[in-house]
Amino acid sequence: MAGNWLLPAETTTSGRPVLRPGEVESSLQPSVDLLTEENPNLPPFRSGLLILTTYRLLWLPNPESTTTTATTTTSAAAASLPLAAVTHIFQTKKSIKGMFASPRVRFQVSVTPEGKVQERGSKSMVITLVLRGKSDPDSFVAKFWEAWRGRAWEGAVSGSDTGTVSLGDGGGGSSSGGGEAGGLALRLPVVGVSGILRKEQEMWESTDKSLQDAFQDLNALMNKAKDMVMLAEKMRQKLLSGSNSQANATNDDEMGSKEEMQDWLLSVGIVSPVTKESAGALYHQELSRQLADFVKIPLERAGGIMNLIDIYCLFNRARGTGSVPYGSPSCISISFILERTSDSLFSFGTELISPDDLLRACSLWEKFNVPVMLKKFESGVMVIQNKSHSDEEVFSRIRSLVQKPDALQTGVSATDAARTLGIAPAMAKEHLLAAESKGFLCRDVSADGFRFYINIFQDIDPNDEYL
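The letter at position 60 of the sequence shown is residue 60 when you use the UniProt record's numbering, and the numbering goes up by one with no holes.
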């Protein structure tokens, strides 16, 4: 456990940290050393990934050095440091010597007499972060100060309620004051240069007040939206745990309503999406890990395989496109347009990814130990499937399907194969075409579409003189 002087951190199968309810990532720093100079007996953390959240500092081992190790080893090596234990952050000193060395960030934490980091500890200790990777240390320190001073772990709900009350009070007071100022302005004569300047000043003040009110309302709306996402995540976890513990005691109607509620809650969004601003150079790596964690539940419900276009729409909807219906052909074009519009969209909670980002994230799965993979059929269709999804097993089920008495006469369609395999008809058609290329099936094209039959030509002996 790397010395046990930091708290352990839980990670997913893809190596992403498991965040607490309401916890949001702020910055990611590669190749960071975490050590203490006061107590050399405590083992340091060398060359790992440092993630700053609104609640904690998370240290994860280098992904490149742990790609071949087991998942349990990666989870055991991860550590966390709660921001509530930080008592002071030292200012970075600029010097000529520091220009040729790795940037260092020093802060003080409370610890137990044994030297373990703990909130409200009896002693204090100085911890040093050595940023050896390519990063912006000034930006990281600013975000560190902001997260520490924000104290989001103490409860963001009370803060949002207080902001709403102050907004109403401030709005009422300013509006009444503005009315009095407006009345006085009408009584004053607008003559000469001074009158023109006074009228121009009043217009600017009115515009500034309108903008302030608009942005305050927007911040309140964003806080409420964040609270709703947190509430939906808690409800989804309760439904998932309840469905596992009470699977035998519920009827079909109750199970159907629970699945419908889970589908609705899954579309609410991701609490802490990976962004280019927070991840920096590690954007595609962390996006790949988050995507691998995200597609688990959709793949299980889709039979272990899904079209890449469906994953793109579903993932972007979870990142902030709830108004676009899942499966709609226009969702790609809408997301593509919104991705390339002004940056003001990102301040409204929209964190869309481009198709190129999705492809790069999927291509990185080969380097990580994740249970999903990207596959491309001969027709060019790209899908995401579980590694446990075996093509040989699919072909075996298709062969048993086409050998049924009804199928020997009329053949099977993509819809028939979809019912048997439990996947979408488009994916079933790709499997039928792949089975045809292997020589297992024959295809008949008619006005009714494609019909597939068992291939008996491979059992015919061309040297048989009685043929």
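Backbone N, C-alpha and C fix where the C-beta goes; we use that ideal spot for every residue, glycine too.
Beta-carbon contacts of residue i that lie in its chain and below 6 Å, excluding the five residues immediately before and after
i	result
G121	S110, V111, T112
L35	P44, T128
L50	Q29, V32, W59
W5	L42, G115, K116
P273	R319, E351
L57	L81
N- and C-terminal bounds of the alpha helix (DSSP H) containing residue i
i	result
P137	137-150
I454	Element bounds for I454: not the alpha helix (DSSP H) but the beta strand (DSSP E), 449-454.
K367	Here K367 belongs to no alpha helix (DSSP H), and DSSP marks it neither H nor E.
T415	414-421
N316	308-318
L49	Note, L49: premise wrong, no alpha helix (DSSP H); beta strand (DSSP E) at 45-53.
L374	Counting along the chain, L374 falls outside any alpha helix (DSSP H), though it belongs to the beta strand (DSSP E) covering 372-376.
T410	405-410
Neighbourhood of residue i by C-beta distance below 8 Å, restricted to the same chain and skipping five residues each side
i	result
T13	T71, A292, D293, N369, V370, P371
S278	E25, S26, S27, L28
L299	I305, M306, V372, I384, Q385, N386
P137	T92, P103, V105, L131
V141	I89, T92, V105
E37	V126, T128
Assigned secondary structure, residue i (DSSP; H/G/I helix, E/B strand, else coil)
i	result
I398	helix
K438	coil
W59	strand
A79	strand
residue 470	Given that the chain is displayed from residue 1 to residue 467, the structure contains no residue 470 and the question cannot be resolved.
Q385	strand
S29	Reading off the sequence, residue 29 comes out as Gln, not Ser. In the structure shown, Q29 sits in a strand (DSSP, three-state: E or B).
I297	helix
D461	coil
S354	coil
R132	coil
R360	helix
R273	Here residue 273 turns out to be Pro, not Arg, going by the sequence shown. Here P273 sits in coil by DSSP.
T13	coil
L35	strand
T68	Low per-residue confidence applies at T68: pLDDT is 41, beneath 50, and the placement is therefore not dependable, though the value from the model is reported in the following sentence. Looking at T68 - three-state DSSP - the assignment turns out to be coil, as it is neither helix nor strand.
S390	coil
R443	strand
P21	coil
L167	Confidence at L167 is low in this model, with a pLDDT of 34, below 50, so its placement is unreliable and the value that follows should be read with caution. Reduced to three states, the DSSP call for L167 is helix.
L7	strand
S379	coil
Among the options, the one whose alpha carbon lies nearest that of residue i
i	options	result
S379	M427, G411, T420	M427
D357	K387, Y312, L42	Y312
G303	I384, I460, W204, P8	I384
A417	T410, Q409, D406, H431	H431
Q458	N39, D448, L441	L441
S124	N39, L282, E366, N455	N39
G22	Y283, I454, W153	W153
G150	F90, T53, Q108, A78	T53
Q108	Q91, L421, R16, R399	Q91
S446	L308, G48, H284, G411	G411
D448	N62, K199, A414	A414
A77	E205, R16, K94, R360	R16
S388	K296, F377, T207	K296
Cutoff 7 Å; reference residue i; Cβ partners in own chain excluding five residues on either side
i	result
R443	E436, F450, F452
E119	P82, A84, A85, S110
R20	Y55
V18	E10, T11, T12
A407	L401
L374	C362, S363, W365, M382, I384
G439	N455, Q458
L308	M382, V383, I384
Segment limits, beta strand (DSSP E) that includes residue i
i	result
Q108	104-111
L282	No beta strand (DSSP E) holds L282; DSSP gives it neither H nor E.
T92	Premise fails: T92 is in no beta strand (DSSP E) and is neither H nor E.
Contact test: residue i Cβ vs the ligand ATP heavy atom, cutoff 7 Å
i	result
R104	Because no ligand of any kind appears in the structure shown, any question about the ligand ATP cannot be addressed here.
Any C-beta of chain C under 8 Å from that of residue i
i	result
E436	Among the chains of the structure shown, chain C does not appear; only one protein chain is present.
**Prompt:** Touch check for the stretch 29-45 and the stretch 121-137: three-plus C-beta pairs under 8 Å?
**Reply:** The stretch 29-45 makes contact with the stretch 121-137: 3 or more CB pairs, one atom from each, lie closer than 8 Å.
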